[in-house]
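Taking the UniProt record's numbering, the leading residue of the sequence shown gets 1, the next gets one more, and so forth. Idealized CB from N, CA, C, for every residue including glycine. Everything below concerns the one structure shown next.
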Amino acid sequence: MKPLNLHLQNVGPFMEETIDFTQLKNNELFLISGKTGSGKSMLFDAIVFALYGKASTSSRKETALRSHFADGKSPMEVELVFQLKDKQFKVVRQGAFIKEGNKNPTNPNLSVYELEDGKYELRESKVTAGNNYIEGLLGVDIEQFRQLFILPQGEFKKFLFSKSSAKQEILRTLFNTNRFETLQQMLVNQNKEEKKKIEARHQQIEQLWNKAEDFDDESLQAYKTLPSIQTEKLLDAIPDFERIGKDIYKHLEKEKTQQEEVKHKAETAYRDAEDLNQKINDRKTLTDELEALEKHASEIKILETKLKKIREVRPLHQIIENISAHSKKLDELNVKCEKIEHNIQQYQASLQKITDEQAALSEAEDDIEAKRKFINETQYFYQNIKQYQIAYDSKNQVHEDYNQSKKDLNDNEQLLDEMKAVHQNERPDYERLHQLTQQLFDLKQEIKDTKEAIEKKEEYDQRVKKLKALEQEMTQNMRKSNEIQEAISQFNTNQLEFDNQEAMIKKLQSMLQPGDQCPICGNTIDSPSDHLDFEQLKAQKEKLNDLNENKEAIRAAYSKLEAEYSMLKNETDKFEHQEVPENNEQILADLKEKYEKTEADKKHQEKRNKEIEKKQTQIQEIKEKIQNLQLALTQKKAESEKINRLIEAFENGTTFNKINDFIKGFSEKEEAVKAHQTKIEALKQQETEAKQNIAVEQTKFKSAQDNRKETQKEKTNLEQQSQSEMQNIGIQSTDEVQEILDLMPEKEQIEERIKSYHEKQNNLSHKIAELKALIGNQEKPDLEKLFKNLELQKTELEEKSKRLNEHEFKMQLNTSNFKEIKEHIDVLEKELSEQQEIFDLAEVLSGKNIQKLTLENYVLVYYLEMILEFANKRFMKMTNNRYILKRSDVVTQGYSGLEIVVFDSHSNKTRHISTLSGGESFQASLALALGLSEVVQQESGGITLESMFIDEGFGTLDQETLETALDTLLNIKSTGRMVGIISHVSELKQRIPTILEVKTDAYQSTTQFKF
């Protein structure tokens, strides 16, 4: 990541400032210079805030970045344009703040853009999604960014002097090594689970073996007494269970087959007898039914005669019905013709009435035409009557408003002349207010410096007191460490090693019998029970582990106290050489008194300025009011003239001088014309409808007459056909026909009864003949005797089948149980062979090894040694090959192996890192930071380190060391990385020609590149 442009708004002392880093061109190394408090470090804060929404140091909150001089409505905003490899991005972030007049803070805003085809395209517009997007782009979170890109005050030496646990967190984040800790914990958990599985599997084998069916066989019952841990003997006994079970199954199966044959014979005999008995009963029943049916033969003959007559009279009946229908139709047509003639007479009378009304309307046409002409001529005035009404209503009010505006104009012009005469030459004194504000700022800084001097004196006294407390605590820790070491020496560590061999010993027990010789101790085994109390061994080993952990905790605490004591002693020694005035309290009181007096003068000047500003505002308001009144007079005059023109046009055009009279006259005439026209149109419509109705009714009358003649002709023809048909079938009168027709509803019933009789008679005769042929000379069988014999054979077969099924089920259970037992034994043997390897691996990875290193810590040590290798290339050059940074070889519990020490070639000894001087510490921190960034970039392909910013630290170096440090940074610059340095050291301005100068006027700061 390389910054290209940085824009700050309301950030610290920067109200509106833009820094164009592209001006650097090939001058990648530049110095950031300016007075203390001018805002140099705030530039680093702005870059980190734009990318992560935080300050450059964890101790400073992002809310503290907002300028105290910003107005209450403007947000703090940072816009950063940066280059990442061959892409360019822009980030715009606004911080949350409490807007003036509100109680709750506003929401922060974030927008992320990417440059595409010369135009920035929005990628994210929400804060959380934008933060994740930026972190994904850079490949580092804020803590990693502070370690790799920006080295701010207070954080620069953090990695060098941090404890192993702190280094572990930093390196874990940078190199993502927490996956190794996950693997380590997974193996430990897996080892515990394996032990539980082995114990559970032995219990499952025992349960399955106890469930095995022995078939009441003595030899199998003896096998079931074997213990479950003797897995090999269990496997040898399984074939005997299977063989004996099969023999019993064959015997039972043979008995069942024999009984099935006996039962089948009895069942066949019973079914044959049942069939013969049913046929004999069916023959008797059918014979009885046929005799009963033939008793109704005479009735069927009578019904057949009636049916013949009904079929012959049907055509004659249809003709008679048609004659009746035509008579009815002739009566209806006569009535219809009379009704139509009556309707025609009514419509002709209505038509005459309409003609008379039309003649009366023609006489009033002249009066209606005069009213229509008045409406057409005054139509415009009626449609726009509202504007003429407003003109009449507002005529007097407009005249009064004109006179009042003229009076107000004169009054305001007189007031303006009076105020100008009094306040013409008064002006606010902003210069004096600025001077007083500057004096207050300077006094506030002096008060702050004096307070810091007093606090430093108090801090010195507290450090001296704390040094004494640390000496006592270190003495107590050394005594506790000796006591624990004495307790550890009392344990028998050889016997405790058997705890790790528990699984192997249990496997041996499963393979041994009472009377065998133990392969470990050589004694004769009375019982395969345990020789060792593993629970007691575990308890002793846990107690020993607790003592070791306590010892390592005390040793770590002692190292911490020792480092803290050394650092505190160095700081205390430095403070002894600083001069502190004796009268600081008096100086502070005088400064506070002077500050209060200056503050009162400033308030008085602010009050006077506001009074003058208020008078000037009043004069300006009166001027604006005069202009408005002049404009109003012109508008009122034009409005009055317009009203007069409207009234004159209305009275000339309508001959009315009152609006209401005109509206009433116009409405009355308009309603009369509309009513006349409506009446004419209605009569015309009624005339057309009457003529149409007469024509329709005349057409209906002619059609009805024609239909009546045709119906009479058809009726005469039907009467002639009726007489002819009666003669053909020998019927003398219509009454005789009716008697036959009365039987018509019974026709279907008679037909169905005759048909049913003959079908049933034929069916019964056929079935009786078939049954006689089948029965022949056979006699009726004894079914009860045959049924009892069949039931007896079924019961015997069910009993033998039950015994066979029960035995088969027992064999299946045995097969299933033996299969599971074999599977458990196979898995158990495999687990026992593999468990020891898993246990040993878990022990090693969890830190129980010679170096006391976990898997993750081993990886972190690898990365740390790579970092030290890169760092020493520069650190040795800076210190003229005197110092080498090394990893401490001291073995401890916890996150050991990450402590850094320094090897001094002058004394040929290793020293604690805290023994380095201030300048040497800076050199070591700089070399370590550069080495860290190079290793991260080498190991993580997604992280591109194209820039680095360093805040302070060069003031602790002598001239020669300063030159060496600068050479190191110049070498970084030659690789194309941008390096920015904040420092007050004057020699740097001579060695670094490119300077970003930060200027301040006590209120706000500005920046400028100097080359």
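Whole-number beta carbon distance between residue j and residue i, since they are thought to touch under 8 Å
{"i": "L804", "j": "E253", "result": "6 Å"}
{"i": "A50", "j": "L80", "result": "4 Å"}
{"i": "A632", "j": "S405", "result": "5 Å"}
{"i": "F161", "j": "I913", "result": "6 Å"}
{"i": "I982", "j": "S41", "result": "6 Å"}
{"i": "L646", "j": "Q358", "result": "Rounded, the Cβ-Cβ distance is 45 Å, inconsistent with contact."}
{"i": "F89", "j": "E121", "result": "Not a contact, Cβ separation roughly 10 Å."}
{"i": "L31", "j": "I995", "result": "5 Å"}
{"i": "R708", "j": "N343", "result": "The pair is not a contact, with the Cβ atoms about 18 Å apart (cut-off 8 Å)."}
Straight-line Cα distance separating residue j from residue i
{"i": "T879", "j": "S111", "result": "46 Å"}
{"i": "G776", "j": "E751", "result": "39 Å"}
{"i": "K371", "j": "Q383", "result": "17 Å"}
{"i": "P227", "j": "N210", "result": "10 Å"}
{"i": "L774", "j": "K800", "result": "39 Å"}
{"i": "Q1008", "j": "G12", "result": "17 Å"}
{"i": "E299", "j": "E748", "result": "16 Å"}
{"i": "D451", "j": "S947", "result": "The residue asked about is misnamed: residue 451 is Lys in this sequence, not Asp. So the alpha carbons of these two residues sit roughly 38 Å apart."}
{"i": "I768", "j": "H758", "result": "16 Å"}
{"i": "N494", "j": "E542", "result": "Low local confidence applies: a pLDDT of 48 at N494 is under 50, so the model's placement there is unreliable, with the coordinate-based value given in what follows. Between N494 and E542, the C-alpha separation is close to 15 Å."}
{"i": "I454", "j": "Y430", "result": "36 Å"}
{"i": "N500", "j": "E843", "result": "Interpretation of N500 is limited by its pLDDT of 49, a score under 50 that renders its predicted location unreliable; no figure is taken from the coordinates."}
{"i": "E997", "j": "Y595", "result": "31 Å"}
{"i": "E599", "j": "L440", "result": "7 Å"}
{"i": "F498", "j": "R479", "result": "With a pLDDT of 48 at F498, under the threshold of 50, the predicted position of this residue should be treated as unreliable, and no value is reported."}
{"i": "I694", "j": "L330", "result": "25 Å"}
{"i": "S765", "j": "I280", "result": "16 Å"}
{"i": "S733", "j": "Q345", "result": "48 Å"}
{"i": "K85", "j": "D45", "result": "23 Å"}
{"i": "S791", "j": "E779", "result": "Before going further, note that residue 791 is Glu rather than Ser in the sequence given. Approximately 24 Å between the Cα atoms of the pair."}
{"i": "I238", "j": "T225", "result": "13 Å"}
Selection from the options that minimises the alpha carbon distance to residue i
{"i": "E363", "options": "H676, Q1004, K2", "result": "H676"}
{"i": "N717", "options": "Y120, I320, E671, N189", "result": "I320"}
{"i": "K246", "options": "I900, A704, T815, L187", "result": "T815"}
{"i": "S125", "options": "N109, L138, L137", "result": "N109"}
{"i": "E823", "options": "E562, H202, L138, E668", "result": "H202"}
{"i": "Y52", "options": "H604, N132, T285", "result": "N132"}
{"i": "S923", "options": "L29, E934, L969", "result": "Here residue 923 is Gln; the residue named in the question, Ser, does not match the sequence. Answer by Cα proximity: L969."}
{"i": "K989", "options": "E606, L547, F1011", "result": "F1011"}
{"i": "I205", "options": "I488, G897, F818, S888", "result": "F818"}
{"i": "E28", "options": "G980, L8, S67", "result": "G980"}
{"i": "D282", "options": "I995, N789, E770", "result": "E770"}
{"i": "F82", "options": "I340, F97, A64, L137", "result": "L137"}
{"i": "K702", "options": "E338, K760, E232", "result": "E338"}
{"i": "V127", "options": "K119, V91, N104, E143", "result": "V91"}
{"i": "V936", "options": "K301, L860, P993, E746", "result": "L860"}
7 Å Cβ shell around residue i - same chain, five flanking residues per side excluded
{"i": "F650", "result": "F381, Y388"}
{"i": "K35", "result": "T1000"}
{"i": "E820", "result": "L208"}
{"i": "D20", "result": "N5"}
{"i": "E135", "result": "D141"}
{"i": "L547", "result": "I484, A487, I488"}
{"i": "Y1003", "result": "F69"}
Neighbourhood of residue i by C-beta distance below 6 Å, restricted to the same chain and skipping five residues each side
{"i": "E100", "result": "G72, K73"}
{"i": "A927", "result": "A871, R874, F875"}
{"i": "L932", "result": "I867"}
{"i": "G665", "result": "none"}
Bridge-paired residues (DSSP) for residue i
{"i": "P3", "result": "F82"}
{"i": "Y120", "result": "L115"}
{"i": "M948", "result": "V979"}
{"i": "E902", "result": "In the sequence on display, residue 902 carries Val and not Glu. L885, R911."}
{"i": "T655", "result": "Paired residue(s): none; T655 is not in a bridge."}
{"i": "I150", "result": "F949"}
Distance cut-off 8 Å: residue i Cβ against heavy atoms of the ligand FMN
{"i": "L832", "result": "The ligand FMN is not among the ligands present in this structure, which contains no ligands whatsoever."}
Spatial neighbours of residue i in its chain, beta-carbon cut-off 8 Å, leaving aside the 5 residues before and after
{"i": "Y565", "result": "L467, L470, E471, M474"}
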